Amino acid sequence: MLNRYPLWKYLLILIVCVVGVVYALPNLYPQDPAVQISTTNGSLGSQQLDRVTQALSRDDIAVKSAQMTGNNTALVRLEDTEQQLPARDVIDDMLDDDYTVALNLADSTPSWLTSLSAAPMKLGLDLRGGVHFLLEVDMDAAVEQRLDATASAIRANLRDERIRYRDTEIDGNTLHVEFANAEDRDAARSEISQTFGEFQLANREAGRRAFLDMTLTEQSINDIQDYAVEQNLTTIRNRVNELGVSEPLVQRQGPSRIVVELPGVQDTAEAKRIVGATANLEFRLEARPDAPESETESFAFRNDPQRRADLSRDVIITGDRVSSASQGFDQNGRPQVNINLDGTGGSLMNQATRTNIGRNMAVLYIDHGTETRTVMEDGERVEKRIPTTDRSIISLATVQSALSNRFRITGLDSPTEASELALLLRSGSLAAPIYFVQERTIGPSLGAQNIERGIFSVLVGGLLVVAFMLIRYKAFGVIANVALAVNLVLLVAAMSLLGATLTLPGIAGIVLTLGMAVDANVLIYERIREELRRSTPAQQAIHAGYGRAFTSIVDANLTTLLVAVVLFSIGTGPVKGFAVTLSLGILTSMFTGILVSRALVNLSIGGKPVKKLWI
55 MLNRYPLWKY LLILIVCVVG VVYALPNLYP QDPAVQISTT NGSLGSQQLD
105 RVTQALSRDD IAVKSAQMTG NNTALVRLED TEQQLPARDV IDDMLDDDYT
155 VALNLADSTP SWLTSLSAAP MKLGLDLRGG VHFLLEVDMD AAVEQRLDAT
205 ASAIRANLRD ERIRYRDTEI DGNTLHVEFA NAEDRDAARS EISQTFGEFQ
255 LANREAGRRA FLDMTLTEQS INDIQDYAVE QNLTTIRNRV NELGVSEPLV
305 QRQGPSRIVV ELPGVQDTAE AKRIVGATAN LEFRLEARPD APESETESFA
355 FRNDPQRRAD LSRDVIITGD RVSSASQGFD QNGRPQVNIN LDGTGGSLMN
405 QATRTNIGRN MAVLYIDHGT ETRTVMEDGE RVEKRIPTTD RSIISLATVQ
455 SALSNRFRIT GLDSPTEASE LALLLRSGSL AAPIYFVQER TIGPSLGAQN
505 IERGIFSVLV GGLLVVAFML IRYKAFGVIA NVALAVNLVL LVAAMSLLGA
555 TLTLPGIAGI VLTLGMAVDA NVLIYERIRE ELRRSTPAQQ AIHAGYGRAF
605 TSIVDANLTT LLVAVVLFSI GTGPVKGFAV TLSLGILTSM FTGILVSRAL
655 VNLSIGGKPV KKLWI
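This is the structure:
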């Protein structure tokens, strides 16, 4: 019989629609503005949480609820977004440096929906508000740091092999090693070539002096720079996690840039200070009095610039070897950082200190920065970014016994400095300095305004489409509009299930999808009208309309889907948000336009004697 579906098709459509409704429902429950409290060193319990809520009430900050979300984490939900920053400040003043207080948005989805893994769509920065950073990795500094580490390793190897050398010097991508004679250089070359295969080696004479020039290959430079970006990406992710931001975005953009988006964060200064901090540590022995000048470097103390000390150029370990770090206090109540090293770091530290008991060991603090200077280039004044590196000694203490993988750093000025240093060491040091190319803050009120306008545009677009279909196709327009509503529900459910982020361009994609969703129905209905003009019986006209328009519908949607896939693959940020919504909208509109609307037609008039169609 014409225009009748088998039972399993009706059941399949029903199941898809029910699942769509269930997973779209969480989007009707807006997220609550909240403040998240977490700690790694202190203790957090219900008593402290009660003190927090009382302090907020005294400052006329309305608390919706406060609950523990883990052993050392708590969430305070507020009534108003505008009260997030004042609440955070109140809690910050109340708690000490062991606690991290961050702005957050907490889900209010009912438990029966969360038990089904149903969650609302994630909102992009332009809808939620927050901070956007575009960072650039200093590729030249990444190569220079690798050459510094290589020079230190080569000096240690040559001393172990008792091969005499005079000095090492870095020039661009080349490391120059100076020797007293050609015999020492040839012996060193034989040793170095076995260990450092990423260099091209060349002999050079300058008077009586002999040089070995070690130049990095092009492939090695690319590998070093790529590693620097990936390592920085990992480090920044760790730091963002330390901030306690919900649903952050940290991703690579191009060969040397990193995008960081922190939804809900409004304190740009703090986020910038933590994300962009380039501090690192080096552990070095104090130079012996009789050490050659070429093997020593002089540094000032961080808390007393007038005081200086000569340190060995060889680095025992760097902050990269720190596996965990926490702030604490020594027996005199002064701030310190307790450090645990990884296996390799512990072995290197033990090897260096067991043979140097009685010597002083320094902790060198390294901070990479940048200065913007105005210079003349081709007769024009341009601003140029000049990288700077500040090295200073935090502490200089005598090695009393062989150290292993656990020890502490003292000599810090304040608990805040100790807390920040511990955080940076926990999350990892940057493999190369980074610079802020762009920063943008979007307030929560602007995000709410974007949401309001986006919803308004969807409603207006939807109503215009609904009105057109009713006027043009009458009763069949009602069926198309029901299918359109189902399409919108399925689109929202699909985005929620896949964890897609909804942005302002994504809302534009939804509005476009509403118009495209009825394209299939327009093709089908026009085909039915054409068949009716040929005096084809009503049931046969419906059957021919759905059957013969199918190929045109699939072709038209596939071409649009291909464009959306290309946009997603090569686009970034807002373009990707638009492409995701458009792609999902095409798939859901094909399902509703072909299957759902056909099922509604079949259920209403399928298999019945019909003399006239209201189309």
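Heads up, the sequence shown is in this note's numbering, so the first residue is 55 and it goes up one at a time. Every residue, glycine too, gets a C-beta built ideally from N, C-alpha and C. These figures come from a predicted structure and were not determined experimentally.
query = How long is the line joining the alpha carbons of residue 3 and residue 625, rounded to whole angstroms?
reply = As shown, the chain starts at 55 and ends at 669. That puts residue 3 outside it, with no answer to give.
query = Going by beta carbon distance, what residues of the same chain come within less than 6 Å of residue 610, once the five residues before and after it are set aside?
reply = Against the sequence shown, residue 610 aligns to sequence position 556. Hits under 6 Å: none found.
request  = For the alpha helix (DSSP H) holding residue 352, just list the boundary residues, first then last.
outcome  = To locate residue 352, count along the sequence shown from 1; it is residue 298. Counting along the chain, residue 352 falls outside any alpha helix (DSSP H), though it belongs to the beta strand (DSSP E) covering 350-354.
task = Measure the alpha-carbon distance for residue 251 versus residue 272 and round it to whole angstroms.
result = Translated into the one-based positions of the sequence shown, residue 251 becomes position 197. Translated into the one-based positions of the sequence shown, residue 272 becomes position 218. If I take the Cα positions, the gap works out to 13 Å.
task = In the DSSP assignment, find the unbroken beta strand (DSSP E) run with residue 103 in it and report its ends.
result = Working through the sequence shown from its first residue, we reach residue 103 at position 49. Note, residue 103: premise wrong, no beta strand (DSSP E); alpha helix (DSSP H) at 100-112.
inquiry  = How far does the beta strand (DSSP E) with residue 198 in it extend, from its first residue to its last?
reply    = Counting from 1 along the sequence shown, the entry for residue 198 is found at position 144. Looking at the DSSP string, residue 198 is not in any beta strand (DSSP E); the run it does join, the alpha helix (DSSP H), is 193-214.
ask   = What are the residues that DSSP puts in a beta bridge with residue 449?
value = Taking the sequence shown and counting its residues from 1, the one referred to as residue 449 is at position 395. DSSP lists 417 as partners of residue 449.
task = Could you name the residues of the same chain whose beta carbon sits closer than 7 Å to that of residue 476, not counting the 5 residues immediately before and after it, in chain order?
result = If you number the sequence shown from 1, residue 476 lands on position 422. Answer for residue 476: 379, 380, 381 and 391, listed in chain order.
key: Reduced DSSP secondary structure (H/G/I, E/B, other) of residue 508   = Here residue 508 is taken as the residue at index 454 of the sequence shown, counted from 1. Here residue 508 sits in helix by DSSP.
message = Please give the ranges of any alpha helix (DSSP H) in the region 566-591, keeping only runs that are unbroken, at least 4 residues long and fully inside the region.
response = 573-587
inquiry  = Does the CB of residue 531 have a neighbour CB from chain C at under 8 Å?
reply    = Reference to chain C is not applicable here, since this structure consists of a single protein chain.
ask   = With DSSP run on the structure shown, which of helix, strand or coil describes residue 120?
value = The sequence position of residue 120 within the sequence shown is 66, counting from 1. In the structure shown, residue 120 sits in a strand (DSSP, three-state: E or B).
request  = Identify the continuous beta strand (DSSP E) that holds residue 90 and give its terminal residues.
outcome  = The sequence position of residue 90 within the sequence shown is 36, counting from 1. Annotation for residue 90: the continuous beta strand (DSSP E) segment containing it runs 86-93.
message = Along the chain, where does the beta strand (DSSP E) containing residue 652 start, and where does it finish?
response = Your numbering for residue 652 matches position 598 in the sequence shown. Element bounds for residue 652: not the beta strand (DSSP E) but the alpha helix (DSSP H), 651-659.
inquiry  = If I measure Cβ to Cβ from residue 651 and keep anything under 7 Å in the same chain, skipping five residues before and after, which residues do I get?
reply    = Within the sequence shown, the letter at position 597 stands for residue 651. If we look at residue 651 and ignore the five residues flanking it on each side, its Cβ neighbours are 533, 534, 537 and 575.
key: Selected residue, minimal CA-CA separation from residue 355, among 363, 349 and 348   = Indexing the sequence shown from 1 puts residue 355 at position 301. The shortest Cα separation from residue 355 among 363, 349 and 348 belongs to 363.
request  = Please confirm whether residue 694 and residue 74 have their CB atoms less than 8 Å apart.
outcome  = This structure leaves residue 694 out entirely; the chain is present only between 55 and 669.
inquiry  = Tell me which residues share the same chain as residue 591 and place their Cβ nearer than 6 Å to its Cβ, disregarding the 5 neighbours each side in the sequence.
reply    = Within the sequence shown, numbered from 1, the residue matching residue 591 stands at position 537. Taken in chain order, the list of residues that qualify is empty.
message = Using DSSP's beta-bridge definition, name the partner residues of residue 186.
response = Position 132 of the sequence shown, counted from the first residue, corresponds to residue 186. Bridge partners of residue 186: 315 and 494.
request  = Find the nearest neighbour of residue 469 within the set 70, 58 and 387, judged by alpha-carbon distance.
outcome  = The residue labelled residue 469 in the question sits at position 415 within the sequence shown. Per the Cα distances, 387.
task = Go through its chain and collect everything with a Cβ distance to residue 264's Cβ below 8 Å, but skip five positions before and after it.
result = By one-based count along the sequence shown, residue 264 stands at place 210. Cβ neighbours of residue 264 beyond the five flanking positions: 232, 233, 234, 235, 236, 238, 239, 257 and 258.
inquiry  = Just verifying my parser: in three-state terms, what is the DSSP assignment at residue 46?
reply    = Outside the modelled stretch of the chain, which goes from 55 to 669, sits residue 46, for which no answer is possible.
query = Taking the alpha-carbon positions, what's the residue 557 to residue 359 distance?
reply = For the purposes of this step, residue 557 is taken as the residue at position 503 of the sequence shown. For the purposes of this step, residue 359 is taken as the residue at position 305 of the sequence shown. Their Cα atoms are separated by approximately 50 Å.
ask   = Short check: CB of residue 87 to CB of residue 177, under 8 Å?
value = Position 33 of the sequence shown, counted from the first residue, corresponds to residue 87. Position 123 of the sequence shown, counted from the first residue, corresponds to residue 177. In this structure, residue 177 does not lie closer than 8 Å to residue 87 by Cβ.
message = According to DSSP, simplified to helix, strand and coil, what is residue 535?
response = The residue labelled residue 535 in the question sits at position 481 within the sequence shown. DSSP places residue 535 in helix when its eight states are reduced to three.
query = What residue range is occupied by the uninterrupted beta strand (DSSP E) comprising residue 393?
reply = Position 339 of the sequence shown, counted from the first residue, corresponds to residue 393. Here the beta strand (DSSP E) through residue 393 covers 389-395.
ask   = Given a threshold of 16 other Cβ atoms within 10 Å of its Cβ, counted over all protein chains shown, does residue 337 qualify as buried or as exposed?
value = Position 283 of the sequence shown, counted from the first residue, corresponds to residue 337. Label assigned to residue 337: buried.
Pairwise C-alpha distance: residue 310 and residue 671 = Because the chain spans 55 through 669 in this model, residue 671 falls outside it and cannot be assessed.
key: Three-way DSSP call (helix, strand, coil) for residue 56 in this model   = Reading the sequence shown from its first residue, position 2 is the one you call residue 56. Here residue 56 sits in coil by DSSP.
ask   = Is it the case that the Cβ atoms of residue 193 and residue 279 are separated by a distance below 8 Å?
value = As a first step, residue 193 must be located in the sequence shown, where it is residue number 139. As a first step, residue 279 must be located in the sequence shown, where it is residue number 225. It is a contact, given that the beta carbons lie within the stated cut-off.
task = Please classify residue 630: is it buried, with 16 or more other beta-carbons within 10 angstroms of its beta-carbon, or exposed?
result = In the sequence shown, counting from the first residue as 1, residue 630 sits at position 576. Buried, because 16 or more other Cβ atoms sit within 10 Å of the Cβ of residue 630.
Rounded Cβ spacing between residue 495 and residue 456 (contact assumed at less than 8 Å) = What you label residue 495 is simply residue 441 of the sequence shown in a count that begins at 1. What you label residue 456 is simply residue 402 of the sequence shown in a count that begins at 1. 50 Å between Cβ atoms; not a contact.
task = Below 8 Å on the Cβ atoms is my guess for residue 669 versus residue 579; work out the distance and round it to an integer in Å.
result = The residue labelled residue 669 in the question sits at position 615 within the sequence shown. The residue labelled residue 579 in the question sits at position 525 within the sequence shown. With a Cβ gap of about 6 Å, residue 669 and residue 579 count as contacting.
message = Tell me the DSSP secondary structure of residue 357 in three-state form.
response = Looking up residue 357 in the sequence shown gives position 303. Coil at residue 357, not helix or strand.
inquiry  = Cutting at 6 Å between CB atoms, please list the residues of its own chain near residue 586, excluding the five before and the five after it.
reply    = Against the sequence shown, residue 586 aligns to sequence position 532. If we look at residue 586 and ignore the five residues flanking it on each side, its Cβ neighbours are 595.
Residue nearest to residue 516 in terms of C-alpha spacing, selected from 527, 526, 529 and 572 = Working through the sequence shown from its first residue, we reach residue 516 at position 462. The option with the nearest alpha carbon to residue 516 is 572.
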